[in-house]
Structures are given as C-alpha cells and as structure tokens.
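Protein chains in written order, with my numbering: chain V, 3 to 770; chain F, 337 to 748.
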Amino acid sequence: MAEKIGIYIDKATLGPYMDLDQLVEKIKNRWGDATPIIKVFDLVASEEAKKDIKKDLDSGAIDGVSIVGPSPREDTEYFDFGPKVLVDRVNLREQGVMAFKNPDGSPLKPGEEPPQLFWDMVMDYINMSVIKLQKSVPAEGEPLETEKTILVLGGGWTGIHAAQAVADAGYNAILVEKEQELGGYAAKMYKSFPINPPYTSAEDPKIEEKIQALKNNKKIKIYTGTQLEKLIGQPGQYTALLKTKKGEEEVKVGSVVVATGWKPIEPKYLEPLGYGTLKNVVTNVEFEDMAKKGEIKRPSDGNVAKNVLFVLSATNLYEDIAKQEEEERKKKLEEAEAADSEKSEEVDIEETFEPIETYRHLDYTSEVTSLTALKQAGYVREFVPDSVAYIIYEHMVTPGVYELYYKSAQNDPGIMLTKGKVTSLYAGNNDNVIVRIEDNLLGEIVEIEADLVVVPTGFVPTTALEPVINLEYRQGPAFPDLDLFDGYADSNYICFPYETRRTGIYAAGPVRQPMTLARSVSDAYGAALKAIQCIESVNRGVAVHPRSGDLSFPKFNFVRCTQCKRCTEECPFGALDDDEKGTPKPNVARCRRCGTCMGACPERVISFDNYSVGQVGSMITSIKVPDNMDKEGPRIVILACENDAYPALDMAAKRGHRWSPYVRIIPVRCLGSVNTIWIADAMSKGNDGCLLLGCKYGEDYQCHFVKGSELCNRRMINIGETLDRLGVELERVRQEQVAIDDYDRIPEIIDSFVEDIIKLGPNPFKGY
Amino acid sequence: MSKSILVIGGGFSGITAALEAAEVGHEVYLVEKRPFLGGRVMQLNKYFPKLCPPSCGLEIQFQRIKRNPNIRCFTMAEVVSVTGKGGDYEVAVKIRPRYTAPKSCDLSELAEKLNANVKNEFEFGLSSRKPLYMDVPFAYPGRYVLDIDHVSEEEKKLLSKSPFINLKDEEKTITLNVGSIIIATGWKPYDVTRLTNLGAGSIANCINNMQMERLASPCGPTNGKIVRPSDGKPPKKIAFVQCAGSRDENHLSYCSYICCMASLKQASYIRDMYPDAEVTIFYIDLRTPGRYAKFAEKILADEKVKTVKGKVAKVEEDMATSGVWVTAEDAISGNKITELFDLVVLATGMQPSLAGESLPIDVEMDSEGFVFESKDKGIFVAGCAAEPLDVMKSAQSGTAAAMKAIQTVRGR
Chain V
3 MAEKIGIYID KATLGPYMDL DQLVEKIKNR WGDATPIIKV FDLVASEEAK KDIKKDLDSG
63 AIDGVSIVGP SPREDTEYFD FGPKVLVDRV NLREQGVMAF KNPDGSPLKP GEEPPQLFWD
123 MVMDYINMSV IKLQKSVPAE GEPLETEKTI LVLGGGWTGI HAAQAVADAG YNAILVEKEQ
183 ELGGYAAKMY KSFPINPPYT SAEDPKIEEK IQALKNNKKI KIYTGTQLEK LIGQPGQYTA
243 LLKTKKGEEE VKVGSVVVAT GWKPIEPKYL EPLGYGTLKN VVTNVEFEDM AKKGEIKRPS
303 DGNVAKNVLF VLSATNLYED IAKQEEEERK KKLEEAEAAD SEKSEEVDIE ETFEPIETYR
363 HLDYTSEVTS LTALKQAGYV REFVPDSVAY IIYEHMVTPG VYELYYKSAQ NDPGIMLTKG
423 KVTSLYAGNN DNVIVRIEDN LLGEIVEIEA DLVVVPTGFV PTTALEPVIN LEYRQGPAFP
483 DLDLFDGYAD SNYICFPYET RRTGIYAAGP VRQPMTLARS VSDAYGAALK AIQCIESVNR
543 GVAVHPRSGD LSFPKFNFVR CTQCKRCTEE CPFGALDDDE KGTPKPNVAR CRRCGTCMGA
603 CPERVISFDN YSVGQVGSMI TSIKVPDNMD KEGPRIVILA CENDAYPALD MAAKRGHRWS
663 PYVRIIPVRC LGSVNTIWIA DAMSKGNDGC LLLGCKYGED YQCHFVKGSE LCNRRMINIG
723 ETLDRLGVEL ERVRQEQVAI DDYDRIPEII DSFVEDIIKL GPNPFKGY
Chain F
337 MSKSILVIGG GFSGITAALE AAEVGHEVYL VEKRPFLGGR VMQLNKYFPK LCPPSCGLEI
397 QFQRIKRNPN IRCFTMAEVV SVTGKGGDYE VAVKIRPRYT APKSCDLSEL AEKLNANVKN
457 EFEFGLSSRK PLYMDVPFAY PGRYVLDIDH VSEEEKKLLS KSPFINLKDE EKTITLNVGS
517 IIIATGWKPY DVTRLTNLGA GSIANCINNM QMERLASPCG PTNGKIVRPS DGKPPKKIAF
577 VQCAGSRDEN HLSYCSYICC MASLKQASYI RDMYPDAEVT IFYIDLRTPG RYAKFAEKIL
637 ADEKVKTVKG KVAKVEEDMA TSGVWVTAED AISGNKITEL FDLVVLATGM QPSLAGESLP
697 IDVEMDSEGF VFESKDKGIF VAGCAAEPLD VMKSAQSGTA AAMKAIQTVR GR
C-alpha cells in the first residue's frame, strides 16, 4: 500500500496547455500529505528524472510513483524501479492533450488557459492514479518448488524428438507410449517423403537410431504399453498416474508435451472413394504396410499390381456427407442455444467430452496425403518393373520446399500426374477398379482401369477421440472447446502457436495440426521449450504468456465466499478446482492472471495485490461528476481492454483523432476481469454511462484470455436486473467489440455513445 | 564461453525466438537492420485465416520485450563480423545513427516542416514520407528516425534547435559475446521487375500482394481503402495472378507457401469492401494446407470469387482505361482467356532476404539463399530464412530455434 506518493509531471506533455504551478497547487490541496513530492520535469522520460525519482525513493520520502505524461506503453525503460516499487502512469499525452477536444470540436490551444473541462479531466486522472497506488501493494509472486521433469505423451516420431530435446536441454523426460513399441506410424513406414534438403527424394527416417539414443540416455525414462490414467495437480507439481504393464505407478512431473499423434479416419468416410466395397481399393496406410513388407499386391488375388492409381481428393463425391454434417451441426447449435436459454442460475462446470468425427479431417490432411502419394508412386516404380503410377489430384498440395519433391516426381516417366475430378469408381473385369475422371487436363472424360487404387487417410487427432490428458481438473479431463479446431489440440492464435488453455500442457505434431515429419520435429522442439519455460516460470513465481513475468496472482478471501462456483466455472484456464461444498481451490501455477475470476465473483472475495475490485471501484467513484449535465456535460466511464482497445486509443490520438472530453478511460487486464459492481458504482455516483471496449468474441475470438470479452458480455445481460433495481436505463451500459486496428473507428464509437447518453438525459442518480 | 544468445532479425520469427529464450531465463540480444521491429508482419493488414490484425500479437510481443530485462534490442543494427566458435562467439554489431532522442516524443510537427518527400519503402512506393518518420503508429521502438540524407543544410539548422534531435549522433560498433546465434533474417517479395511478362512493375494498376496489404491497411497510404493507384477509383473487377515468380525455374524454383492463402484473404478484403466487385484468381494449384481448407471453402463459396486453373501468360496495360489485360490459358477447357480487369494483383513469391547477399557468418546456404542450420557451430535458423512459411509456422520455428540455441549454451 503506497502511503507517500511522488507525482512527477512531464512539462513537455502538459506545459504548453496549462499552468503547471497551479496544477501542483491543486494536487497538493487535494492530496496533502499523501503526495509529499510533486515535481515537474522538462522531460519526465529522461535519465535525469529517473535519477531524481530514484533518490526520492531511496530517501524514503515516497513509496509510490505516479508519472504524469506519455502513455504507459511508451518509454517504459525510464520508469522501472524494480519489482518492489509501485509505479503508475497517467496518460495525459496520447489520451489527454492529444485526444482532448472541446464540446464544439476544437482542440486545446497551446499558450492559452485551458477550459475547465480539461482541468477536470487532468485532475480526475491524477486522482485515480493516486487511489490506484494507495490501493496496491507490490506483487510478490508465489514461487513454487518445481519438478524439472517433463512428461512426453506419445512415443511416435514427435514424442521421440520431444523427449530428446528435453534431455538435451538438461531436463529429465518421461516418455509414455500406449503401444508395446516406440515409433508410432513413422516406424511402420517403408520410407518417408523428404525430411531434409534438398527435398527431392524419399528417405529413411532412421527411427531405430533415434529410439536407441533415447534408450541410452540416462535423462529419459521410457514407459511402453503404458497409459496416462490421470494428471493431478498443477504445472511444476503434477502427479501423473500411469497404468503400466506391471500395474499403477505415480510419477512427479513439471509439465507435459502432448505428442499423441493421429489415428486413420474411420473407413465410412472413405466409402465415397470405393473403399470397403471395391476389393482393390486400399488406404495409403495399408499400402505403406505392403511396401514395408516388400510387396505391392492386390488384396483380391495377391497378384502384383502394375497399374496403381492414387486418388488425392474428390470434393464432388463428398457433397452429401458435407451437407449432412452441416445440417447436424446446425441442429446441435440450435439445441445448445435452446438449452442455454432454459438454463437457470445453476452453475454447470464440467465440460463433458464428446468425440469429434468429421470427413473434414481428410481435407485437412491434404499436404501429407499429396506428399505420401508422390512417395508411394515412387514405391510402385521401385518395386514393380514396367509399372505405371497415376496420381489424380484436384490440387497438388506440396507447399513451400515440397514443390521440389513434386518436381522430382514429375521427372519419372512412369508417374502420371493428372489434375482431374474423380466422379466415380467401379469394379471392372478381374476386380480391376475403373476410375472415371472429368475436368481433367486432357479436356475430356477419361476412364482409367487400375489394378489397385490407393485412397488417402485423414489424420484424426487423438484428442478428437478421447480426453488424452485425463486431467483431474474440475472443468473436466480434456482440452476445452476442441470443436473450434475440429478436435486438433491447436492454438487459436496465429502469433502464439503454443498457446494452450491448460497451462503447462503443450501439444506438438499431428495432434496439433496435420503436419509433415520435418515440421513435427521442429514442433517437438518448440513444445519442449514451452514445457521447460513453464517449469522455470512457476519456479520463479511468475505468470507465463501473455502476462509473462507478472508476479501478481489472485488471492481469495474465503471467509466471505458463498460457494457460488462462478469463478471455478468461468476461469478460461481451468485454474480452479473445488471441494465438496463448492469452495474454490485455486492453483496458482495454472493461472494466467487475467482476473476473470475477480470479475465473476459476486462477493468480491478475489483480488490481486495490484489490481482489485475495491481499487478500480474507488477509482471510478473518485471521478468528479458535475451536478448539472446540461451545463457541464455528462460523465462516462470507459473500461478498456489494456491489450487491444487501450493501445488502439493511443494510436487513434497519434493519428490525429480526438474524442469527447466527457469520458474517463480506465484500462483493465481483460474485460473478463470487469466486475459488475463497478458499473453499479459508476451509476450510483451519478455517472451517465459506461462503455466497455473489449475484443471480438465467438468463433475466431481475439481475446488473449480466450473468454474474457464473451463472459463480460454475458454478465452485462445479467446486469439489466441490477440497473433496473437502481432505476437506471439499460442503454447507459454498452459493450463494443473492437480490434487493435480500429483506431480510426473507436473515436466515433465513443462520440456516438456520448451523443446517445446526452439524448437520454442525466442519470437519475445524479446529485444523490 | 557465453550463455547468451544472439538473434539476427527482428521480424516475427526473431522476436519469438528472442522472447521464448529470454522467458526461460537466458540473456538475448536482438539485432534488427531497420529502425523498427516487426518485419514483414508489420506491413500486413490482417492474418489468414482468422482475419485478425497482426498489431494485436505484436502489441503483446512488444509488452513482453518491455517487461523482460533479459532482452536487449538493437535497431538500425547489423552484424559486421563474427569470430570464435560455437559456445563462444565474438560478434561485432554496427549501429547506424538514428539522430533522435531515445524517447517517444511526438515529432510529427517538426517532420511536417521538412521539404523532402522520400519514396516510402515501407509502403512499397505507394506513398512518400518525410525524412523524419515512423512507419506506423504502433511501431516499436516508438521513436522517430531521421533520414539525414534527405535533409538540407538549412533544415539541419532548424532540426538542431529541437531538444529531441541529435545531429551529432554517430555510427558505433559494439561487441557482443554470445554462445549461440539464431538467424531470422526473413524474406522479401520477389522483385517484380524481373517478371517481364507480368508488366515488370511498370503498370500502375498491376500491384503486388504486399502492396495490396498496404492499401487495405487502416494505417496504409489510403487509410484502408482499396483503390486503383492510377486514379484512386474503387476497382470493380480484380484479378489475382498466382505463382508470380514462384514454381518457376527461371525465377523461384520452390512454392512460396503463403500466396494462395494470401490471395483468398485479399479476395475477402475486396468483397467485404465492395459488395459488387468481382474477383478472379488464376492459379496452378490452390494450396491451402491443413485446416486452411476450411477458410478456402468459405471464401470460394462466394459466387463473386471465381477461380481459373491456368498460369497467366501475359499482363498488359490498357492505355484507354488504365485497366489491365490478363491473358491465360484455362487448363481445363483449353481455352485461351483474355480479359480486362480494373486492378491486377500479382501474388509475388517469397524470396529469402539473404538471396544475393551474405552474412559475415560461416553458414551454408542453398542456391536460392535459404540458410542451413549447423548444430556443431551453434547456429540455427528461424522462420523464412530457412524455408517459406506462414506466420504461425514462423513463430513455431522461432520457438524451436530458441530451444536449439538453449541446448547449445547450456551444454557448454
């Protein structure tokens, strides 16, 4: 709790627009001994100012620092006085002088006495900063003893590389494989398509060597024929319950790499390609088995296949399945909505696991199936003299460097590559398969009679079929919301491929996305790094991405907890478990510090050292609301997501936009952390409106904390009753979805909201 | 022996590699040639397939950099020499003068007082800039840079009066001791002037896909309005020419990975902005790997987005309308197509930044300029310096490179 706050004012920001002696006087009058030092620097972002502030801190004259000047996003290196010193930034440059406009639209004029409205704004922001510091303590973090062992789930190609990567970095790895042998599908391959430059020929993945290296490595413990029964605890301190060949065994691990790979798509999804009905149609997995055994034979008669045709895709043959799935999806959505609207106040925490089956897994595997067909066409040529391999494709999906492999296949005269639409497959004489191809490059309908047809396999991620990670978490055993990614344990973020909703658990390889062997190796390394990084962060008591390095964490005052379970339900990261009574049990190492729990809690029992319901509530209630709205204008509180909306406002100002002088902007960690009491506080103090600026939600959500803006929106629907009780119109509170590049749009959003509020008239609470 | 890591290139791969290593606890130096971090993604309007703005992720990355004392960034900096061996390198880095104070002050008014209008390379020549500038409002570091070559002696006098300008700033060279090096030098759009059959960059309304990103970007030269460069008019008929330079032995032998998805994405920019506009995409194969297939399906469900399988043979300007004639052969019907478009976008390929250049580091490169890693030397490659990749895979590859670098410095 800062009791003596030093206020340091940037003359470069405010000097041209107001009398700073007068400002210092005003602050003194308002805060007295609470702000024993108030200084004006020509430039607050300077080495001189930094030294001066440091001196004030060292002398004990102050224990908190408020910097009045540029946006908190700028010049940060000048204002870091270590983790023990509270610093707040009052943004009076970008969101003050640059954004201010008079009600008539005119900007501030340098050298002229500013209007009272500007004085009010400056004082409101400085007052809020003082209160914020008064209601904060330096966060101390909660470092945990961590187990420096990483559990690698899945002993296929990706898992093998992940375990090796972990060991090479000096950590221990426990490698758990369900099958009796390591190697997965890679060990079942005759050859792999190229893994290394120059990417022109199939190669031996040399998996035996890699497995041997693991077996010889003292840092790696291998369990085959073993399954993960349960994963209990939190990052840094997990207990993994393994069901081994000999019985149950408990191991301690710090974090997890999930490399459980894929399963071939259900045969029913290959029926449109004749699989299951035509004797000589096999999948590429079955074909690989044949090659591994050294013979390419027809299932119907065991004869060597000389004309082998590979089909890569046939979109037109899947139209019915696509339509059917779309209808089912819609029906499910409607049912869910209906169930939602019937849902009472009852809190439903645990997500039930439902397997995800879709023909789309076939589509999504296009790169691997294209490369596999090229490789297997090569097998045909290698194994059978005078053979011909046909590859019929709609799109040859060999992106990037794999173009080079495609080209090298084109050089083989025995490999016929043809674009075309496969419209039917049927049995000919002698169980041959006749493939009808339209829209091909020859410009006519062609029928090819093949001895054998090879159809692709879709990579169905293991996470689509079972929970895999078997968490003993209150929110359920699996990664949540996997339907967004059709079952792949993937990240929702382009920028952050390893973002996970279960801290400490990182997916790699085809369980994350269908990918090649080369990519899987790289992915294994990346996931291994994230697993190590998580252990080290937990050990230092800091958060991982996106608030990496944050020492604060939510603290619970259980005395007042009513066991409503909202925090446990709403945490996007499943950080909370609960006991039989429903009392939440926080797990700090799972937590990302977004504050969603704080926003959810109706009893306000959750707070961070430097961010709390009471703190922001006091800031809001400190805003001076004039009694006469017609004369002095309304007051409107804006709660802005600090990751996107807030930077967008800075940029808007930099691009010359200005907005209404009646708003006061308060950054929040995430809209998820907004507690509805803040709105009630704002309204009961006579503020005329409240605008919430947060990220896009729903499919393709942009919230860095997954659910924050969506949850906030849901709470706003519920706030209607509260407002009703207060006698305040619903229209006074609005949430807008904005993105960080909406800088040209946000000022309009603000101004139009202010206009609507002015039309609505003053808050009935004003003056009370 | 050093446990520090050097990352060369401050684009998305380099930033990711640096941050991921630093957050494990390693000291990292990030060296960027340009005045700002962010590289190519800084120039993009939106990412496929989410259609979200790159500045959103960059903001988080920049916050992570600001908070982390383990990272030191050098902009306008280039590695000039590397000596030593894996685990113990001495690296000389030359830092060019910025001529401005290391502060975020707003110098826009001062910039306006300068006369010269310099071709804006960041905007691919679609606009000009003053010699005192920032690329974008979210640039990091958020500090102006003075392009002193375009300032007159008179102007220097004016500039010298500003406390935020330091005309005496000088080039300096610093020495870093590192154990491992990550090369993340990224890519550049293939030089269109070499594509003589596709207008060689001389047709006003035939732009490349990166120029399209700038036109669509809200902070770009048109504030996000997609218009024809020749007359500022909204285009009604737009063609995309895929594989402009890629998959071509005379140019780039490989596929550039991103262009199919980029064109589909850009088709959506156009269709969102102009409900009547018609888009045609001329392609060889539509390569939308992985779950991108879903995005392709969504975009192609739009009746006004048409695809034609066929490589474009020729692009010519229509003098009367400033339109662009596209000649292609429809590979399926065999018909020759010649059609007039208002605007043509060349989906230019991705060339490694090091093509035709060299780093003062002993590493192997292929004939195209892609770099190979060397575990023995402790030198690794992240992102498009190694192979053509999209952003997600660049970030993935940056993370993997960080892991390898950590293994190198830990093991010694």
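Think of the CB as a built atom: it goes at the ideal place given N, C-alpha and C, for glycine as much as any other residue.
None of these values were measured; they are calculated from a predicted model.
| Query | Result |
| --- | --- |
| Thinking C-alpha only, which one of V:Ile7, V:Leu45 and V:Tyr19 is nearest Ala36 of chain V? | V:Ile7 |
| What residue ranges within the segment 390 to 441 of chain V form continuous beta strand (DSSP E) runs of no fewer than 3 residues, ordered along the chain? | 390 to 395, 417 to 421, 423 to 429 and 435 to 440 |
| What's the gap between the Cα of Tyr428 of chain V and the Cα of Gly158 of chain V? | 37 Å |
| Measure the Cβ-Cβ separation of Val435 of chain V and Leu272 of chain V and say whether it is below 7 Å. | no |
| Quick one: grab the DSSP three-state call for Arg748 of chain F. | In this prediction, Arg748 of chain F has a pLDDT of 49, which is less than 50 and means its spatial position is unreliable; what the coordinates show is noted afterwards. Note: Arg748 of chain F maps to coil in three-state DSSP. |
| Consider the Cβ of Tyr361 of chain V: report whether some Cβ of chain F lies at a distance smaller than 7 Å. | no |
| For Val730 of chain V, which of V:Lys761, V:Ser686 and V:Lys409 has the nearest alpha-carbon? | V:Ser686 |
| Please list, in chain order, all residues of the same chain as Gln397 of chain F whose beta carbon is under 7 Å from its beta carbon, the five residues on each side excluded. | Ile351 and Leu355 |
| Going by alpha carbons, who is nearest to Gly619 of chain V out of V:Ala684, V:Val590, V:Cys593 and V:Phe575? | V:Ala684 |
| Taking the C-alpha atoms as reference points, what is the distance between Gly374 of chain F and Lys386 of chain F? | 19 Å |
| Can you tell me whether DSSP reads Tyr605 of chain F as helix, strand or coil? | helix |
| Near Ser417 of chain F, which residues of its chain fall below 6 Å by C-beta distance, leaving aside the five closest residues on each side in sequence? | Ala428 and Pro696 |
| Please state if the CB of Asp525 of chain V and the CB of Gly511 of chain V are separated by a distance shorter than 7 Å. | yes |
| Please tell me whether Ile344 of chain F and His362 of chain F are closer than 7 Å, where the distance is taken between their beta carbons. | no |
| Hey, Glu572 of chain V and Thr598 of chain V: beta-carbon distance below 7 Å or not? | yes |
| Output yes if chain F places a C-beta closer than 7 Å to the C-beta of His659 of chain V; else output no. | no |
| May I ask you to report which of helix, strand or coil DSSP gives Asp668 of chain F? | A small correction: the amino acid at residue 668 of chain F is Ile; Asp does not occupy that position in the sequence shown. Coil. |
| Using a cut-off of 9 Å between C-beta atoms, extract the partners of Gln687 of chain F located in chain V. | Neighbours of Gln687 of chain F on chain V: none; closest Cβ ~13 Å, over 9 Å. |
| What's the gap between the Cα of Cys720 of chain F and the Cα of Asn286 of chain V? | 31 Å |
| Taking 7 Å as the CB-CB limit, is Thr317 of chain V close to chain F? | no |
| By Cβ distance below 7 Å, which residues in the same chain neighbour Thr529 of chain F in space, the five residues on each side in sequence not counted? | Ala536 and Gly537 |
| Arg748 of chain F CB to nearest chain V CB: under 7 Å? | For Arg748 of chain F, the pLDDT reaches just 49, beneath the cut-off of 50, and the residue's location in the model is therefore unreliable, although a value from the coordinates is still provided. Answer no: the Cβ-Cβ gap between Arg748 of chain F and chain V never drops below 7 Å. |
| Just checking my contact of Gly491 of chain V with Ile358 of chain V at CB under 8 Å: how many whole Å lie between their CB atoms? | It is Ala, not Gly, that sits at residue 491 of chain V in the sequence shown. Between Ile358 of chain V and Ala491 of chain V the Cβ distance is about 11 Å, and since that is not below 8 Å, they are no contact. |
| Name the chain V residues that come within less than 7 Å of Lys508 of chain F, Cβ to Cβ? | The premise fails here: Lys508 of chain F is roughly 18 Å from chain V at the closest Cβ pair, so nothing lies under 7 Å. |
| Taking the straight line between their C-alpha atoms, what separation do you get for Ala632 of chain F and Asp342 of chain V? | 32 Å |
| Could you tell me whether the Cβ of Asp621 of chain F comes closer than 7 Å to any Cβ of chain V? | yes |
| Which one or two residues does DSSP pair with Val306 of chain V in a beta bridge? | V:Lys299 |
| Output, in chain order, the set of chain V residues within a Cβ distance shorter than 8 Å of Val727 of chain F. | Ile496 and Cys497 |
| Give a yes or no on whether the C-beta atoms belonging to Ala737 of chain F and Ala353 of chain F are separated by under 7 Å. | yes |
| Please check if any C-beta of chain F sits within less than 7 Å of the C-beta of Val42 of chain V. | no |
| In angstroms with no decimal places, state the Cα-to-Cα distance between Glu468 of chain V and Lys103 of chain V. | 58 Å |
| By the three-class DSSP mapping on this structure, what secondary structure does Cys563 of chain V have? | coil |
| Can the beta-carbon of Arg479 of chain F be found less than 7 Å from the beta-carbon of Thr436 of chain F? | yes |
| Considering only the alpha carbon of each residue, which of V:Gly616, V:Asp753 and V:Glu179 lies closest to Gln229 of chain V? | V:Glu179 |
| Suppose contacts are defined by Cβ-Cβ distances below 7 Å. Is Ile450 of chain V in contact with Glu440 of chain V by that definition? | no |
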